[in-house]
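Residue numbers for the sequence shown, in full-length UniProt numbering: 1 to 235.
For glycine and all other residues, C-beta sits at the position ideal for the given N, C-alpha and C.
The structure presented is a predicted model; accordingly, all values stated were derived computationally and were not measured.
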Amino acid sequence: MGRVVVGIAANESLDAGENLHHLSIAYTPSGYVKAVQQAGGLPMVMPIDSADMAKEYVARIDKLILAGGQDVSPRYYKQTKTVQGSYLEKRDQFELALMDEALKQGKPVFAVCRGMQLMNVFFGGDLKQELHSYTEIAHMQNPIPKEQPAHELLTQKTSILRSIYGKQAEVNSFHNQGVNRVAREFQEAACCSDGLVEAIENKPRRLLGVQWHPDFAFTTQPKEMEVFDYVVNAL
1 MGRVVVGIAA NESLDAGENL HHLSIAYTPS GYVKAVQQAG GLPMVMPIDS ADMAKEYVAR
61 IDKLILAGGQ DVSPRYYKQT KTVQGSYLEK RDQFELALMD EALKQGKPVF AVCRGMQLMN
121 VFFGGDLKQE LHSYTEIAHM QNPIPKEQPA HELLTQKTSI LRSIYGKQAE VNSFHNQGVN
181 RVAREFQEAA CCSDGLVEAI ENKPRRLLGV QWHPDFAFTT QPKEMEVFDY VVNAL
């Protein structure tokens, strides 16, 4: 049997900066790629494409990762835009199509940060468009280094995350939006001490979403590498 092929849905930048001659690039943070490799999987980066191509992409992978990035457009959870966020609707459209195909083809999905928010929206949940009025905890931890935990994580007893993180742990945090109403298809798997949802899961459908970034810290925080081991080898 060959290695497990893990598709990583990529992001896009219209200007990669002076060092890359201001080129438009398709990319994914290398933490996803390296962590999947370290867990024994074969990563496949999938650039943003039209929604009708999602079936072919998903057919070529065993598992799907929806990564972090821009805010999810409020139109997909039936709200009016109330904050000036960073949006890329063609990414939303393609990744919603990937999600749909992953379900149809029975492929597991691991969703990180924006990815978790998008997965919740796909199933009918919605988001808090800004967190400043919700909590005093800084969920966007800059300038704290990305590998350093920033707030508490409280896992649910029935969650698979309990076996990795224990009842209580600390994780990093890089988001200015968050899950509000959890879609009915999911169980809340973990939360922050302020009550904000930090993880959702659907075990029968093999869906797991986390709000923090294990891809930022898998080389320095062993539990974050354990998550990728679980995704590649067990999810």
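Report task. Find the nearest neighbour of Gly209 within the set Asn176, Pro108, Leu131, Gln148, judged by alpha-carbon distance. Result -> As a first step, residue 209 must be located in the sequence shown, where it is residue number 209. Here the closest residue by C-alpha is Pro108.
Report task. Could you check the C-alpha separation between Phe110 and Met46 for me, to the nearest Å? Result -> Numbered from 1 along the sequence shown, position 110 holds the residue referred to as residue 110. Numbered from 1 along the sequence shown, position 46 holds the residue referred to as residue 46. Here the C-alpha atom of Phe110 lies approximately 15 Å from the C-alpha atom of Met46.
Query raised in the report: Cα separation between Asn233 and Leu42?
Result: The residue given as residue 233 occupies position 233 in the sequence shown. The residue given as residue 42 occupies position 42 in the sequence shown. Going by the C-alpha atoms only, they are around 12 Å apart.
Query raised in the report: Going by alpha carbons, who is nearest to Ile164 out of Leu98, Lys223, Arg205?
Result: Counting from 1 along the sequence shown, the entry for residue 164 is found at position 164. Nearest C-alpha to Ile164: Lys223.
Query raised in the report: In this structure, what does DSSP give as the bridge partners for Phe174?
Result: Within the sequence shown, residue 174 is the residue found at index 174, counting from 1. BP columns for Phe174 point to Met140.
Query raised in the report: Which whole runs of the beta strand (DSSP E) in the region 36 to 104 are 3 residues long or more, in chain order?
Result: List check, beta strand (DSSP E) in window: 42 to 46, 63 to 66.
**Report entry** Nearest residue (CA-CA) to Pro214, options Met53, Lys203, Val36
**Finding:** Start at 1 with the first residue of the sequence shown, and residue 214 comes out as number 214. Nearest of Met53, Lys203, Val36 to Pro214, Cα basis: Val36.
Requested in this report: Grab me the residues of Asp49's own chain with a C-beta within less than 8 Å of its C-beta, minus the 5 sequence neighbours each way, in chain order.
Outcome: Within the sequence shown, residue 49 is the residue found at index 49, counting from 1. Residues Tyr57, Phe94 of the same chain have their beta carbon placed closer than 8 Å to that of Asp49, with the five preceding and five following residues left out of the count.
**Report entry** Residues that Cys191 bridges to, as DSSP identifies them
**Finding:** In the sequence shown, residue 191 corresponds to position 191, counting from 1. Answer by DSSP bridge pairing, in chain order: Leu154, Val197.
Requested in this report: Using beta-carbon positions only, say whether Trp179 and Gln211 come within less than 9 Å of one another.
Outcome: Walking along the sequence shown from the start, residue 179 turns up at place 179. Walking along the sequence shown from the start, residue 211 turns up at place 211. Before going further, note that residue 179 is Val rather than Trp in the sequence given. Val179 is a Cβ neighbour of Gln211, given a cutoff of 9 Å.
Query raised in the report: Is Gln168 helix, strand or coil when you go by DSSP?
Result: To locate residue 168, count along the sequence shown from 1; it is residue 168. Correct three-state label for Gln168: strand.
**Report entry** Same chain, Cβ closer than 6 Å to Gly124, neighbours up to 5 away in sequence not counted
**Finding:** Position 124 of the sequence shown holds residue 124. Counting only residues of its own chain and dropping the five nearest sequence neighbours on each side, Gly124 has a CB closer than 6 Å to the CB of Ala183.
Query - Per-residue DSSP class, three states only, for Lys146 - result: Indexing the sequence shown from 1 puts residue 146 at position 146. Lys146 falls in the coil class under three-state DSSP.
Requested in this report: Report yes if the C-beta distance between Lys34 and Phe216 is below 9 Å; otherwise report no.
Outcome: For the purposes of this step, residue 34 is taken as residue 34 along the sequence shown, with counting starting at 1. For the purposes of this step, residue 216 is taken as residue 216 along the sequence shown, with counting starting at 1. Annotated as distal: Lys34 and Phe216, with beta-carbon spacing of 9 Å or more.
Query raised in the report: Can Gly69 and Cys113 be called in contact, C-beta distance under 9 Å?
Result: As a working mapping, residue 69 is identified with position 69 in the sequence shown. As a working mapping, residue 113 is identified with position 113 in the sequence shown. A contact, by the Cβ cut-off of 9 Å.
Query raised in the report: Is it true that the CB of Gln168 sits closer than 9 Å to the CB of Leu153?
Result: Within the sequence shown, the letter at position 153 stands for residue 153. Within the sequence shown, the letter at position 168 stands for residue 168. Contact annotation: Leu153 and Gln168 have beta-carbon atoms nearer than 9 Å.
Requested in this report: Label Ser24 either buried or exposed according to how many other C-beta atoms from any shown protein chain fall within 10 Å of its C-beta, with 16 as the threshold for buried.
Outcome: On the sequence shown, residue 24 is found 24 positions in, with the first residue counted as 1. Exposed, since its Cβ has fewer than 16 Cβ neighbours within 10 Å.
Query raised in the report: To the nearest angstrom, how far is it from the Cα of Ala150 to the Cα of Ile144?
Result: Looking up residue 150 in the sequence shown gives position 150. Looking up residue 144 in the sequence shown gives position 144. Between Ala150 and Ile144, the C-alpha separation is close to 8 Å.
Query raised in the report: Around the C-beta of Ser159, are 16 or more other C-beta atoms found within 10 angstroms, so that it is buried, or is it exposed?
Result: What you label residue 159 is simply residue 159 of the sequence shown in a count that begins at 1. Classification for Ser159: buried.
Query raised in the report: In three-state terms, what does DSSP make of Glu185?
Result: Translated into the one-based positions of the sequence shown, residue 185 becomes position 185. It is coil, neither helix nor strand.
Query raised in the report: Whose C-beta lies closer than 7 Å to the C-beta of Ala102 among residues of the same chain, with five residues either side of it excluded?
Result: What you label residue 102 is simply residue 102 of the sequence shown in a count that begins at 1. Contacts found: Val58, Leu64, Val109.
Query raised in the report: Does the beta-carbon of Ala16 have 16 or more other beta-carbons within 10 angstroms, so that it is buried, or is it exposed?
Result: Translated into the one-based positions of the sequence shown, residue 16 becomes position 16. Its Cβ having fewer than 16 others within 10 Å, Ala16 is exposed.
Requested in this report: Using DSSP bridges, identify the partner residues of Gly209.
Outcome: As a working mapping, residue 209 is identified with position 209 in the sequence shown. DSSP, once it has assigned bridges, lists Ala111, Ile200 as partnering Gly209.
Query raised in the report: Nearest CA to the CA of Tyr77: which residue from Met53, Leu127, Ala67, Lys104?
Result: Here residue 77 corresponds to residue number 77 of the sequence shown, with the count starting at 1. Among Met53, Leu127, Ala67, Lys104, the Cα nearest to that of Tyr77 belongs to Leu127.
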